[in-house]
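K.L.:
Numbering (this note's numbering) for the sequence shown: 137 to 656.
Glycine included, each C-beta is placed from N, C-alpha and C at the ideal position.
Here the structure is a predicted model, which means the values were calculated and not measured.
Sharing a structure with you now.
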Amino acid sequence: MASRLFPQVKEEVEPCSFPQFPAIDRSFCYSDSSHGSHFSVKNSHEPYCTLESSSARGSYTVYNSSSNGSPMSQQESQSNMSDLHHSPDNTYSSPISGSCITDDVSDLKGKLRELETVMLGPDCDIINSTISPEMDSWRLVTDAVSRRDLKQVLVSCAKAVSDNDLLTAQWLMDELRRMVSVSGEPIQRLGAYMLEGLVARLASSGSSIYKALRCKEPASAELLSYMHILYEVCPYFKFGYMSANGAIAEAMKDEDRVHIIDFQIGQGSQWITLIQAFAARPGGPPHIRITGIDDSTSAYARGGGLNIVAKRLSKLAALFKVPFEFNAAAMSGCEVQQEYLQVRPGEALAVNFAFMLHHMPDESVSTENHRDRLLRLVKSLSPKVVTLVEQESNTNTAPFFPRFRETLNYYTAMFESIDVTLPREHKERINVEQHCLARDVVNIIACEGPERVERHELMGKWRSRFRMAGFTPYPLSSLVNATIKTLLENYCDRYRLEERDGGLFLGWMNRDLVASCAWK
137 MASRLFPQVK EEVEPCSFPQ FPAIDRSFCY SDSSHGSHFS VKNSHEPYCT
187 LESSSARGSY TVYNSSSNGS PMSQQESQSN MSDLHHSPDN TYSSPISGSC
237 ITDDVSDLKG KLRELETVML GPDCDIINST ISPEMDSWRL VTDAVSRRDL
287 KQVLVSCAKA VSDNDLLTAQ WLMDELRRMV SVSGEPIQRL GAYMLEGLVA
337 RLASSGSSIY KALRCKEPAS AELLSYMHIL YEVCPYFKFG YMSANGAIAE
387 AMKDEDRVHI IDFQIGQGSQ WITLIQAFAA RPGGPPHIRI TGIDDSTSAY
437 ARGGGLNIVA KRLSKLAALF KVPFEFNAAA MSGCEVQQEY LQVRPGEALA
487 VNFAFMLHHM PDESVSTENH RDRLLRLVKS LSPKVVTLVE QESNTNTAPF
537 FPRFRETLNY YTAMFESIDV TLPREHKERI NVEQHCLARD VVNIIACEGP
587 ERVERHELMG KWRSRFRMAG FTPYPLSSLV NATIKTLLEN YCDRYRLEER
637 DGGLFLGWMN RDLVASCAWK
């Protein structure tokens, strides 16, 4: 700004130079592979391995300043970064050159202000007010880098990506590679995957990475063991299944024939405890029929089709002398029509949406709006109870930058809770986080439109959708709430359970993570 107003001053002031940015090639590199496009930033540092490349090799890159960072020492890095200055004329933070007047941004601002005062007098406040916000913003970024404040640097990098400030984004990505580590603190581990998402977003390869991580996963037996570890160390899934089963058991306590439609049956693990509970019911168990809906992705984790679930649950039911049938519907939720559900007269119907509806595209993605279509379809079947379990996060229609911040806050709590239960030296912890959590993080950050399938909504929005479809709340029983509270006693005391607005919320410290409710 000053240079535009006072071009003649340049000749009267001693030539000045500011420390340069690290040399960055603005070119983006792509390489074709079986996993899709690969993006990298050319610089003097070691290659940055993406999740897709590390997944393909079966190895993981650990990013930290002591082992896998740049050849430049941490001291040199911090020295260079703390000296960076941003010119008001330089929208994209390109290098500026001359002889160094000052090493401090505040001193620079002061000298500019003195010069402006001499030339314009008191009216120079107008100019200063235009410069200060940009300078202050830049100072915050450089301060965060020099302090190695990983969370703030992630946010600043996402803001640069959002603003299409490519030079700043590339520089901050280079700094982040020295700070993240898949074997470090919770924020370092999460940061590695969020950085992967930012890189993939710039390269438009987020969908390729997401598909690679979902389809080219480890052997199904290994993946199943990772999922089981996560199920055991964190109460989120147990909480969701237990609250849903409690509502179903309460609604069906006097029914002789029960039909349960599970829109994402997975391994069928949710129904093991419910079958056992029905077996112990006074007066004998009801006849149970389960319709299991699932797509080919879950089939890989199972190591086969829905017949595996059918055999597993049928064997269990026979052991507990519970009359049982299984109806397999191998399809995605978007393909479900009423005729596939085989609803029969004389059966009391329960429908279960556990960690599933957020995958359905809504009106912001498709005119078909399968999210609301499924709810209307289910309502037309006159169910006695419908259960909903979802992650309490707002990533569906939020623009990129607020969505990034929401994801950062949500998964920080998730990774912190894992850190308490699963030791960092646990040999499978990296696999658990990469194969069960990282792919979702990458999808939320890197993808848009139909390719972004991880679209979570808050309970308030789900409540509106259910009411619009004609449902009314089905209160969860106090017995279910007490049982879940007992469950949480086996975990860290930083988990909290709260009942409000007709639902149950499980959180870590002050952050809600999973919400559960029931409708009729």
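Kindly indicate the opening and closing residues of the alpha helix (DSSP H) around His592.
P.N.:
Position 456 of the sequence shown, counting from 1, holds the residue named residue 592. Neither: His592 is in no alpha helix (DSSP H) and is coded neither H nor E.
K.L.:
Since Gly382 contacts Ser613 with CB under 8 angstroms, what's their CB separation in whole angstroms?
P.N.:
Within the sequence shown, the letter at position 246 stands for residue 382. Within the sequence shown, the letter at position 477 stands for residue 613. About 6 angstroms; that satisfies the 8 angstroms criterion.
K.L.:
If you draw a straight line from the alpha carbon of Leu326 to that of Asn567, how long is it in whole angstroms?
P.N.:
Taking the first residue of the sequence shown as position 1, residue 326 is located at position 190. Taking the first residue of the sequence shown as position 1, residue 567 is located at position 431. Approximately 13 angstroms between the Cα atoms of the pair.
K.L.:
Spatial neighbours of His494 within its chain, please: CB distance less than 8 angstroms, with the 5 preceding and 5 following residues excluded, ordered by chain position.
P.N.:
The sequence position of residue 494 within the sequence shown is 358, counting from 1. Within the same chain, His494 has close Cβ partners Glu526, Gln527, Asn532, Glu590, Arg591, His592 and Glu593.
K.L.:
Assess, as a yes-or-no matter, whether the segment 440-449 is touched by the segment 476-485 under the definition of 3 or more beta carbon pairs within less than 8 angstroms.
P.N.:
The segment 476-485, when compared against the segment 440-449, does not touch it at the 8 angstroms Cβ threshold.
K.L.:
Among the candidates Met496, Val556, Pro421 and Val577, whose CA atom is the shortest distance from the CA of Glu391?
P.N.:
Taking the first residue of the sequence shown as position 1, residue 391 is located at position 255. Here the closest residue by C-alpha is Pro421.
K.L.:
Less than 8 angstroms between the C-beta atoms of Lys656 and Thr608, yes or no?
P.N.:
To locate residue 656, count along the sequence shown from 1; it is residue 520. To locate residue 608, count along the sequence shown from 1; it is residue 472. Cβ atoms of Lys656 and Thr608: closer than 8 angstroms.
K.L.:
Among Ala466, Gly596, Leu513 and Ile408, which has the Cα closest to the Cα of Asn530?
P.N.:
Counted from its first residue, the sequence shown places residue 530 at position 394. Selected option, being the one with the closest Cα: Gly596.
K.L.:
Please list the segments of the beta strand (DSSP E) lying wholly inside the segment 432-466, counting only runs of 3 or more residues, in order along the chain.
P.N.:
Counting whole runs of 3 or more residues, the segment 432-466 contains the beta strand (DSSP E) stretches 460-466.
K.L.:
Going by DSSP, which residues form a beta bridge with Trp655?
P.N.:
Here the question's residue 655 lines up with position 519 in the sequence shown. Looking at the DSSP assignment, Trp655 forms a beta bridge with Val522 and Pro609.
K.L.:
Rounded to whole angstroms, what's the CA-CA distance from Ile424 to Tyr610? Just pull it up for me.
P.N.:
Sequence index remark: in the sequence shown, residue 424 carries index 288 (1-based). Sequence index remark: in the sequence shown, residue 610 carries index 474 (1-based). Whole-angstrom Cα-Cα distance: 21 angstroms.
K.L.:
Among the residues of its own chain, which have a CB less than 6 angstroms from the CB of Asp555, if the five just before and after it don't count?
P.N.:
Here residue 555 refers to the residue found at position 419 of the sequence shown. Closer than 6 angstroms at the Cβ level, and outside the excluded window around Asp555, lie Pro322.
K.L.:
Taking only beta-carbon atoms, is Glu561 less than 8 angstroms away from chain D?
P.N.:
As a matter of chain content, chain D is missing from the structure shown, which is built from one protein chain.
K.L.:
Going by C-alpha distance, which of Ala605, Tyr631 and His364 is nearest Glu552?
P.N.:
Taking the first residue of the sequence shown as position 1, residue 552 is located at position 416. Per the Cα distances, Tyr631.
K.L.:
Note down the Cα distance separating Cys470 from Asp508, rounded to an integer number of angstroms.
P.N.:
Walking along the sequence shown from the start, residue 470 turns up at place 334. Walking along the sequence shown from the start, residue 508 turns up at place 372. About 11 angstroms.
K.L.:
Please classify His364 as buried or exposed, where buried requires at least 16 other C-beta atoms within 10 Å of its C-beta.
P.N.:
One-based indexing of the sequence shown puts residue 364 at position 228. His364 comes out exposed.
K.L.:
If we ignore side chains and look at the alpha-carbon of each, how far apart do Ala605 and Ala280 end up?
P.N.:
Indexing the sequence shown from 1 puts residue 605 at position 469. Indexing the sequence shown from 1 puts residue 280 at position 144. If you take the alpha carbons of Ala605 and Ala280, they lie about 47 angstroms apart.
K.L.:
In whole angstroms, what separates the C-alpha of Ile408 from that of Lys451?
P.N.:
What you label residue 408 is simply residue 272 of the sequence shown in a count that begins at 1. What you label residue 451 is simply residue 315 of the sequence shown in a count that begins at 1. When rounded, the distance between both Cα atoms is 11 angstroms.
K.L.:
For the segment 622-651, list the beta strand (DSSP E) runs that are entirely contained and at least 3 residues long, ordered along the chain.
P.N.:
For the segment 622-651, whole beta strand (DSSP E) runs of length 3 or above, ordered along the chain, are 631-636 and 639-644.
K.L.:
Hey, is the segment 367-378 in contact with the segment 645-654, meaning 3+ C-beta pairs nearer than 8 angstroms?
P.N.:
As far as the Cβ criterion goes, the segment 367-378 touches the segment 645-654, which means the pair count is three or higher.
K.L.:
What residue range is occupied by the uninterrupted alpha helix (DSSP H) comprising Leu513?
P.N.:
The residue you call residue 513 lines up with position 377 of the sequence shown. Taken as a continuous stretch (DSSP letters only), the alpha helix (DSSP H) holding Leu513 covers His506 to Ser516.
K.L.:
With three or more beta-carbon pairs closer than 8 angstroms as the criterion, would you say the segment 535-542 touches the segment 294-305?
P.N.:
Touching, per the Cβ criterion.
K.L.:
Rounded to whole angstroms, what's the CA-CA distance from His395 to Val521? Just pull it up for me.
P.N.:
Numbered from its first residue, the sequence shown carries residue 395 at position 259. Numbered from its first residue, the sequence shown carries residue 521 at position 385. So the two alpha carbons sit approximately 11 angstroms from each other.
K.L.:
CA-CA distance, Arg313 and Ala336?
P.N.:
On the sequence shown, position 177 is the one that residue 313 refers to. On the sequence shown, position 200 is the one that residue 336 refers to. The straight-line gap from Cα to Cα measures roughly 14 angstroms.
K.L.:
Does DSSP classify Ser230 as helix, strand or coil?
P.N.:
Taking the sequence shown and counting its residues from 1, the one referred to as residue 230 is at position 94. With a pLDDT of 35 at Ser230, under the threshold of 50, the modelled position of that residue is not reliable, and the figure given next carries that caveat. Correct three-state label for Ser230: coil.
K.L.:
On the DSSP letters alone, give me the boundaries of the beta strand (DSSP E) that Thr427 sits inside.
P.N.:
Mapped onto the sequence shown, residue 427 falls at position 291. Segment His423 to Asp430, the beta strand (DSSP E) holding Thr427.
K.L.:
Between Gln406 and Asp398, what straight-line distance do the alpha-carbon atoms span, to the nearest angstrom?
P.N.:
Taking the first residue of the sequence shown as position 1, residue 406 is located at position 270. Taking the first residue of the sequence shown as position 1, residue 398 is located at position 262. In a straight line, the C-alpha of Gln406 is about 10 angstroms away from that of Asp398.
K.L.:
Quick one: grab the DSSP three-state call for Pro183.
P.N.:
In the sequence shown, the residue the question calls residue 183 occupies position 47. At Pro183, the pLDDT of 36 sits below 50, so the modelled position is not reliable; the number obtained from the coordinates is stated separately. DSSP places Pro183 in coil when its eight states are reduced to three.
K.L.:
Taking 7 angstroms as the limit between beta carbons, can you name the residues of its chain near Asn646, skipping five residues before and five after?
P.N.:
Here residue 646 refers to the residue found at position 510 of the sequence shown. Closer than 7 angstroms at the Cβ level, and outside the excluded window around Asn646, lies no residue.
K.L.:
What residue does the beta strand (DSSP E) around Val487 start on, and which one ends it?
P.N.:
Sequence index remark: in the sequence shown, residue 487 carries index 351 (1-based). Val487 -> beta strand (DSSP E) spans Ala484 to Ala490.
K.L.:
Determine the DSSP secondary structure at Ile396, reduced to helix, strand or coil.
P.N.:
Numbered from its first residue, the sequence shown carries residue 396 at position 260. Ile396 falls in the strand class under three-state DSSP.
K.L.:
How is Gln406 classed by DSSP in three states: helix, strand or coil?
P.N.:
Position 270 of the sequence shown holds residue 406. If DSSP states are grouped into helix, strand and coil, Gln406 belongs with the helices.
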